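S.K.: First, the structure itself, so that you have it in front of you.
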Amino acid sequence: MVLRGYVPTSEETLQTLAALRLQSLNSDFSTHAPFPRLEELFPPHVLHARLPAPRRRPPTKCRGARLRAGLLAGGLWGQALAKQRAERDQRLRGRLREEGASTMAAIVEKWKLLQGMGRPEAMAAYVALVREWPGFGSTLFDVDLRAVRPRGRGGGGWPWRRAALMPLSPQSPVGAGPQRLWLGIGAKAVSLYKPGEPEPLDSFCYGRISSFGASDSSTFRLSVEDRDLLFETSQVDEIAQLLNMYLASAGARQPPQPQESATSPPALDPTALPQGLCPAAGPWQHQPSVGSFHS
Numbered sequence: 001m002v003l004r005g006y007v008p009t010s011e012e013t014l015q016t017l018a019a020l021r022l023q024s025l026n027s028d029f030s031t032h033a034p035f036p037r038l039e040e041l042f043p044p045h046v047l048h049a050r051l052p053a054p055r056r057r058p059p060t061k062c063r064g065a066r067l068r069a070g071l072l073a074g075g076l077w078g079q080a081l082a083k084q085r086a087e088r089d090q091r092l093r094g095r096l097r098e099e100g101a102s103t104m105a106a107i108v109e110k111w112k113l114l115q116g117m118g119r120p121e122a123m124a125a126y127v128a129l130v131r132e133w134p135g136f137g138s139t140l141f142d143v144d145l146r147a148v149r150p151r152g153r154g155g156g157g158w159p160w161r162r163a164a165l166m167p168l169s170p171q172s173p174v175g176a177g178p179q180r181l182w183l184g185i186g187a188k189a190v191s192l193y194k195p196g197e198p199e200p201l202d203s204f205c206y207g208r209i210s211s212f213g214a215s216d217s218s219t220f221r222l223s224v225e226d227r228d229l230l231f232e233t234s235q236v237d238e239i240a241q242l243l244n245m246y247l248a249s250a251g252a253r254q255p256p257q258p259q260e261s262a263t264s265p266p267a268l269d270p271t272a273l274p275q276g277l278c279p280a281a282g283p284w285q286h287q288p289s290v291g292s293f294h295s
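Going by full-length UniProt numbering, 73 is the number at position 73 of the sequence shown; the sequence numbering is gapless.
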């Protein structure tokens, strides 16, 4: 979960987690201890995010110019471009190695400070640090929020719109167009996160979910009180199975079916913004000290 980037926190905390993992694996620091690769300790995407974004050349507008560019690409100009790309890739790889070495050195320094901490204590400190994230314990899925549709009386009359139709909550608007989000499914609620953000955009208690199901093999629909949310994902079956499991274990009511609910929610006032469906959690405040370690 940490290595896949599903625990949004600072690089300092990620280094601390890596040091605690080393302490739990190898006990106290030693130059003779087996050393895992950096990608087994630290999220690789964090290092890649430090690299400069590649420059994108503006597209050639003139058809004749495009034709000449294509002819040149097959000759000496193409060879020159290939050489430039190879040199750029070599520089990026060198920069990535430097960033990796710097990060590993910082992790080792934190590992040295953990001397004397037992393996069970290091494991407990690791879990305690990760548990500070409010979404801990939820299963996260990468989804694209495609559209939102208000639900009126009788379940109809409202067309699907882009996700910009209405915000998920007054505090955290969704924004325009399809959006990549994390769909977090936990024991008490379903939450939507902007990737990398510790606080959810919105949370939906299971008692507020009227139905859910697959529109097709890659589209998942979630009906929450006054609106339907349409997601695109490659994990439709996994999401549905997990929701069914949590609803069944909660015993609150029979797991909803993909069909429209027999009882429709009250009509939506188009001028009113929807309120948060679950009590808002307090901000995630990371405590710097973990066990006997001081960062």
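Backbone N, C-alpha and C define an ideal beta-carbon position, used for all residues, glycine too.
Quick caveat, the model's predicted, so the values are computed rather than measured.
Counting only the same chain and skipping the five closest in sequence on each side, list residues whose C-beta sits under 7 Å from that of ARG21.
M.R.: LEU41, TYR126
S.K.: Rounded C-beta distance between ILE209 and VAL224? I'm assuming under 8 Å.
M.R.: 6 Å
S.K.: DSSP on GLU39, reduced to helix/strand/coil?
M.R.: helix
S.K.: On a Cα-Cα basis, can you pick out the residue from LEU81, ALA189, PRO8, HIS45 that is closest to MET245?
M.R.: ALA189
S.K.: Verify the contact flag: TYR206, CB atom, against every heavy atom of the ligand ZN, threshold strictly below 6 Å.
M.R.: Among the ligands in the structure shown, none appear at all, so the ligand ZN cannot be discussed.
S.K.: Quick check: GLY184 and GLY135, are their CB atoms within less than 7 Å of each other?
M.R.: yes
S.K.: Who pairs with residue 305 in a beta bridge, going by DSSP?
M.R.: Look at the range of the chain in this structure, 1 to 295, and you will see that residue 305 is not part of it.
S.K.: Compute the Euclidean distance between the alpha carbons of GLU132 and GLN79, then round it to the nearest angstrom.
M.R.: Rounded to whole angstroms, GLU132 and GLN79 show a C-alpha spacing of 53 Å.
S.K.: Candidates GLU11, LEU229, VAL7: which alpha carbon is nearest ALA106's?
M.R.: GLU11
S.K.: Suppose you measure from the CA of THR139 to the CA of GLY196; what does that come to, to the nearest Å?
M.R.: Taking the straight line from one Cα to the other gives about 15 Å.
S.K.: Which word fits GLY117, buried or exposed, when buried means at least 16 other C-beta atoms lie within 10 angstroms of its C-beta?
M.R.: At residue 117 the sequence reads Met, which differs from the Gly that was named. With 16 or more other Cβ atoms within 10 Å, it is buried.
S.K.: Which runs of the alpha helix (DSSP H) at least 4 residues long sit entirely within the segment 65–139? Give them in chain order.
M.R.: 76–112, 119–130
S.K.: Per DSSP, GLN179 forms a beta bridge with which residues?
M.R.: By DSSP's assignment, GLN179 forms a beta bridge with LEU145.
S.K.: How big is the Cα-Cα spacing for GLU109 and THR233?
M.R.: Rounded to whole angstroms, GLU109 to THR233 spans 41 Å at the Cα level.
S.K.: Express the C-alpha separation of ALA187 and LEU247 in angstroms, rounding to a whole number.
M.R.: So the alpha carbons of these two residues sit roughly 9 Å apart.
S.K.: Please name the residue, chosen from VAL2, TRP182, PRO36, that lies closest to ASP142 on a Cα-to-Cα basis.
M.R.: TRP182
S.K.: With the cut-off set at 7 Å, would you say PHE212 and LYS112 are in Cβ contact?
M.R.: no
S.K.: Let me know the secondary structure DSSP gives GLY207 once reduced to three states.
M.R.: Judged by DSSP in its simplified three-state form, GLY207 adopts helix.
S.K.: Cα-Cα, which of PRO198, LEU192, PHE231 is closest to LEU145?
M.R.: PHE231
S.K.: Name the residue from PRO200, ALA147, LEU192 whose alpha carbon lies nearest to the alpha carbon of SER215.
M.R.: ALA147
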